[in-house]
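The structure appears right after this line, and notes come after that.
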Amino acid sequence: MGLNGIDISGWQEGIDLSAVAADFVIMKATQGTGFVSKDFVRQYQQAKENGKLVGCYHYAEGGDYVAEANHFLDVVGNRVGEAILCLDWEGQDNPTFGKNDFDWVKGFCDYVFSKTGVKPLVYIQKSAMERIDGIGDYGLWIAHYPDYTPTGYQETPWNEGAYACAIRQYSSVGQISGYNGNLDLDKFYGDADSWRAYAAINGENMSPEPTPQPVVNTPDGSTLELVERTMSGEFGDGDDRRANLGTRYDEVQSFINHIYEASANDLANEVLSGKYGNGDTRKVVLGDRYSEVQGIVNGEAEKKYYTIQSGDVLSKIAAANGTTVDNLVRLNGISNPDLIYAGTKIRVK
Numbered sequence: 001m002g003l004n005g006i007d008i009s010g011w012q013e014g015i016d017l018s019a020v021a022a023d024f025v026i027m028k029a030t031q032g033t034g035f036v037s038k039d040f041v042r043q044y045q046q047a048k049e050n051g052k053l054v055g056c057y058h059y060a061e062g063g064d065y066v067a068e069a070n071h072f073l074d075v076v077g078n079r080v081g082e083a084i085l086c087l088d089w090e091g092q093d094n095p096t097f098g099k100n101d102f103d104w105v106k107g108f109c110d111y112v113f114s115k116t117g118v119k120p121l122v123y124i125q126k127s128a129m130e131r132i133d134g135i136g137d138y139g140l141w142i143a144h145y146p147d148y149t150p151t152g153y154q155e156t157p158w159n160e161g162a163y164a165c166a167i168r169q170y171s172s173v174g175q176i177s178g179y180n181g182n183l184d185l186d187k188f189y190g191d192a193d194s195w196r197a198y199a200a201i202n203g204e205n206m207s208p209e210p211t212p213q214p215v216v217n218t219p220d221g222s223t224l225e226l227v228e229r230t231m232s233g234e235f236g237d238g239d240d241r242r243a244n245l246g247t248r249y250d251e252v253q254s255f256i257n258h259i260y261e262a263s264a265n266d267l268a269n270e271v272l273s274g275k276y277g278n279g280d281t282r283k284v285v286l287g288d289r290y291s292e293v294q295g296i297v298n299g300e301a302e303k304k305y306y307t308i309q310s311g312d313v314l315s316k317i318a319a320a321n322g323t324t325v326d327n328l329v330r331l332n333g334i335s336n337p338d339l340i341y342a343g344t345k346i347r348v349k
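Counting along the sequence shown from 1, when you hit position 211 you're at 211 in full-length UniProt numbering, and nothing is skipped either side.
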């Protein structure tokens, strides 16, 4: 369950929101203490006229949070109580980001709430969300992308359920019919009534609990350990494996696919580097490839090399290593047995 929507700014100036499918639209209203998005009023009105839920956001520049909040509220005006209010907290043009995140964000949100009775949501990237942990009962709007591959709306965005949030922004390169360009795509974890509760002034359910999201497993252990358990049958196959491995599925399945697709020589070199462990672990992980790979590994282990020293001749090297000159010539492709060079590494067994 959830609602699909977009967030826009002056970068999408002129967008025809009557032509774009969206349950909600969040529009940039202001930035810092003086900037106003020039298409904000038109975007907002068109979204409303086309029956879309609406939101407004302020892009922080990290200055005086009271001054920035007042600028935001002056522009939003009588839209308070109708639109959800959001703070966009990120690093560009914001020198306070990464230095005083908690105090600034909490100060801004507390001030907006004291002036409006509306608790704003906070937009922040996933990697920084811990910096504002504990700021209060303010909903989170988390930006977290798996990659930058163009996509449409997704019913179950990547990594959904790994953490709680009110809104998830899962793409900055969304492709939606009706607009020729990239759009930020978002999923709101609630219904229209939940959205209105976030927007309401002193509403009884000002910060509703997000709609329960699917539980996503995140099994513990290294990739090698999970591969061993997978190859032993613990996580099943197909959809069962995907569900049981949860957020670890891609890394584990990629590891397994590599084993089946790589050449035996490549796998043998990786065995020698320690990638597949030892003993039973190696046998289980390599599966059907174990015998051919281990055969190469065993052959490599039996090889012996010697670095030619000044004054060496092949007959002396052969005698010292229990072999013959002819064998050294064969193993190393030596064209002239009487011409060898100090510092050259040759195989002697």
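Idealized CB from N, CA, C, for every residue including glycine.
**Message:** For D137, report the span of its beta strand (DSSP E) as first-last.
**Reply:** The sequence position of residue 137 within the sequence shown is 137, counting from 1. D137 -> no beta strand (DSSP E), and no H or E assigned at all.
**Pick from W141, N180, I308 and N244 that is closest to I84, judged by C-alpha positions** = Translated into the one-based positions of the sequence shown, residue 84 becomes position 84. Residue W141 is the option with its Cα nearest to I84.
**Item:** Alpha-carbon spacing of N180 relative to L267, whole angstroms
**Value:** Taking the first residue of the sequence shown as 1, we reach residue 180 at position 180. Taking the first residue of the sequence shown as 1, we reach residue 267 at position 267. The straight-line gap separating the alpha-carbon atoms of N180 and L267 is approximately 46 Å.
**Item:** Rounded separation between Y290 and I296 - CA only
**Value:** Taking the first residue of the sequence shown as 1, we reach residue 290 at position 290. Taking the first residue of the sequence shown as 1, we reach residue 296 at position 296. When rounded, the distance between both Cα atoms is 10 Å.
**Item:** When T247, K106, N332 and E292 are compared against residue 386, the one with the closest alpha-carbon
**Value:** This structure cannot settle anything about residue 386, because the visible part of the chain is limited to 1 through 349.
**Request:** Give the C-beta separation of V122 and C109 to the nearest angstrom, bearing in mind that I take them to be a contact with Cβ-Cβ under 8 Å.
**Result:** By 1-based counting over the sequence shown, the position of residue 122 is 122. By 1-based counting over the sequence shown, the position of residue 109 is 109. Taking a contact as a CB-CB distance under 8 Å, the pair V122 and C109 counts as one, their CB atoms being some 7 Å apart.
**Prompt:** Would you say Q309 and A262 are within 8 Å of each other, going by their C-beta atoms?
**Reply:** Numbered from its first residue, the sequence shown carries residue 309 at position 309. Numbered from its first residue, the sequence shown carries residue 262 at position 262. With respect to A262, Q309 sits apart: the two C-beta atoms are not nearer than 8 Å.
**Prompt:** Which first and last residues belong to the alpha helix (DSSP H) in which I317 is found?
**Reply:** Numbered from 1 along the sequence shown, position 317 holds the residue referred to as residue 317. I317 -> alpha helix (DSSP H) spans L314 to A320.
**Asked** Given G32, which residues of its chain have a CB within under 7 Å of its CB, disregarding the five upstream and five downstream residues?
**Response** What you label residue 32 is simply residue 32 of the sequence shown in a count that begins at 1. Listed in chain order, the non-local C-beta contacts of G32 below 7 Å within the same chain comprise E61, G63 and E68, local neighbours out to five positions each way being set aside.
**Message:** Please classify G190 as buried or exposed, where buried requires at least 16 neighbouring CB atoms within 10 angstroms.
**Reply:** Taking the first residue of the sequence shown as 1, we reach residue 190 at position 190. It counts as buried.
**Prompt:** Do you know offhand how far Y57's Cα is from K48's?
**Reply:** Translated into positions along the sequence shown, residue 57 becomes position 57. Translated into positions along the sequence shown, residue 48 becomes position 48. Straight-line Cα distance between these residues: approximately 16 Å.
**Asked** Grouping DSSP H, G and I as helix and E and B as strand, with all else coil, what is S172?
**Response** Taking the first residue of the sequence shown as 1, we reach residue 172 at position 172. Secondary structure of S172 (DSSP, three-state): strand.
**Message:** Considering Cα atoms alone, identify which of K349, G152, M231 and N298 is closest to A21.
**Reply:** Residue numbering aside, residue 21 sits at position 21 when the sequence shown is read from its first letter. The residue among K349, G152, M231 and N298 with its C-alpha nearest the C-alpha of A21 is G152.
**Prompt:** Distance, Cα to Cα, F188 vs C165?
**Reply:** As a working note, residue 188 is residue 188 in the sequence shown. As a working note, residue 165 is residue 165 in the sequence shown. Straight-line measurement puts the Cα of C165 at about 9 Å from the Cα of F188.
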